[in-house]
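K.L.:
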Amino acid sequence: MPEIRVTPLGAGQDVGRSCILVSIAGKNVMLDCGMHMGFNDDRRFPDFSYITQNGRLTDFLDCVIISHFHLDHCGALPYFSEMVGYDGPIYMTHPTQAICPILLEDYRKIAVDKKGEANFFTSQMIKDCMKKVVAVHLHQTVQVDDELEIKAYYAGHVLGAAMFQIKVGSESVVYTGDYNMTPDRHLGAAWIDKCRPNLLITESTYATTIRDSKRCRERDFLKKVHETVERGGKGAHEPEGAHLLLHGAD
């Protein structure tokens with residue numbers, strides 16, 4: 001059986017700058033390319049030194065896959081493609097392709113125009129980066145080359161979020177990205193074909209957390225709103241960026 005190697009370039013021990021290099025049967029695939037929002041220097045980006053030492057990036061990497069538009073999963077993409085030097089294919093779903101540049105430009109304005117940070121990508125770099133994107137449909141099998149194929153599955157979480165199956169011959173890896181198994185008023189539960197991958201890479205941020213049911217959380221939220229209004233106060237629910245329309249209650 002061919003060796004499968006996994007190298008976290010980011011988010012190996014923390015939340016943020018998700019970026020995983022998977023080597024399977026001679027193919028190299030980067031899963032997500034996120035940014036850590038807690039740093040204001042190069043630590044915000046994944047550690048690309050491991051792959052840049054191998055020569056030209058595009059010769060080393062077969063493709064990049066982005067699971068969804070949150071910045072901790074896609075925020076370093078223009079930096080990686082336009083400043084580090086990757087010019088190969090970048091795969092994501094159509095909704096992710098539509099929303100990703102909006103969030104990237106919004107964060108660039110905050111980091112550069114307002115905070116004056118240096119060594120950051122420009123608006124033109126975002127546009128040039130998005131030209132490398134190949135948008136895929138859910139359940140569409142994409143042949144990256146003669147041996148490597150990928151397939152996207154519904155992940156819930158946010159509009160356009162996808163889990164990906166990567167296959168080379170009889171070997172396969174499934175990468176979930178962030179996903180949601182509880183349907184809500186906006187998004188459904190994650191779903192994937194029955195399969196037996198050689199390796200499953202899954203999100204585990206809240207793996208040890210036991211939550212109350214969604215009905216209980218909605219009931220408690222409404223109770224607090226009613227109590228506030230009855231006391232003469234006002235209830236304000238502030239959305240987080242694009243989450244106003246695109247993010248579920250979780």
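Note that the sequence shown covers residues 1 to 250 in UniProt numbering. Idealized CB from N, CA, C, for every residue including glycine. Every value quoted in this text rests on a predicted model; they were computed, and no experiment measured them.
What's the gap between the Cα of P197 and the Cα of V112?
P.N.:
In a straight line, the C-alpha of P197 is about 42 Å away from that of V112.
K.L.:
I need the boundaries of the beta strand (DSSP E) containing M130, first residue and last residue.
P.N.:
Looking at the DSSP string, M130 is not in any beta strand (DSSP E); the run it does join, the alpha helix (DSSP H), is S123 to M130.
K.L.:
With 16 as the cutoff for other CB atoms within 10 Å, does R17 come out buried or exposed?
P.N.:
Per the 10 Å Cβ criterion, buried.
K.L.:
Is the CB-CB distance between V64 and I90 below 7 Å?
P.N.:
For V64 and I90, yes; Cβs fall inside 7 Å.
K.L.:
Extract the residue ranges of the beta strand (DSSP E) inside the stretch 154-195, only unbroken runs of 3 or more that lie entirely within it.
P.N.:
Counting whole runs of 3 or more residues, the stretch 154-195 contains the beta strand (DSSP E) stretches 162-168 and 171-175.
K.L.:
Alpha carbon to alpha carbon, what distance is there between G232 and S67?
P.N.:
Near 44 Å, if we compare the C-alpha coordinates of G232 and S67.
K.L.:
Per the DSSP calculation, C74 is bridged to which residue(s)?
P.N.:
Note: C74 sits in no beta bridge, so no partner.
K.L.:
Considering only the beta carbon of each residue, do G156 and G188 sit closer than 7 Å?
P.N.:
Their beta carbons are under 7 Å apart, which means G156 touches G188 by this criterion.
K.L.:
Please classify K151: does DSSP put it in a helix, a strand, or coil?
P.N.:
Three-state result, K151: strand.
K.L.:
Contact defined as beta carbons within less than 8 Å: I believe D128 pairs with E82. What is the distance between those atoms, to the nearest angstrom?
P.N.:
With a Cβ gap of about 6 Å, D128 and E82 count as contacting.
K.L.:
Taking the alpha-carbon of K167 as reference, which of T141, H186 and I102 has the nearest alpha-carbon?
P.N.:
Out of T141, H186 and I102, T141 has the C-alpha closest to the C-alpha of K167.
K.L.:
Going by C-alpha distance, which of E3, N28, D14 and V6 is nearest E149?
P.N.:
Checking every option, the nearest Cα to that of E149 belongs to N28.
K.L.:
Evaluate T93 with the Cβ neighbour count: other Cβ atoms within 10 Å of its Cβ, from every protein chain shown; 16 or more gives buried, anything less gives exposed.
P.N.:
Buried, because 16 or more other Cβ atoms sit within 10 Å of the Cβ of T93.
K.L.:
Compare the Cα-Cα distances from Y153 to each of E147, H139, F80 and P8 and report the closest residue.
P.N.:
Here the closest residue by C-alpha is H139.
K.L.:
Using CA atoms only, rank isn't needed, just tell me which of F48, F69, V144 and T205 is closest to I20.
P.N.:
Per the Cα distances, F48.
K.L.:
Using only the alpha-carbon positions, how far apart do F80 and G160 sit?
P.N.:
Roughly 22 Å separates the two Cα atoms.
K.L.:
Which first and last residues belong to the alpha helix (DSSP H) in which S49 is found?
P.N.:
Where S49 is concerned, the enclosing alpha helix (DSSP H) stretches over S49 to T52.
K.L.:
Enumerate in chain order the residues of its own chain whose CB-to-CB distance from T228 is below 8 Å, with the five nearest sequence positions on each side excluded.
P.N.:
The answer, listed in chain order, is K234 and G235.
K.L.:
Excluding the 5 residues preceding and the 5 following W182 in the sequence, name in chain order all residues of the same chain whose CB lies nearer than 7 Å to its CB.
P.N.:
For clarity, residue 182 is Thr in the given sequence; the question names Trp instead. Excluding sequence neighbours, T182 sits near A189 and K214.
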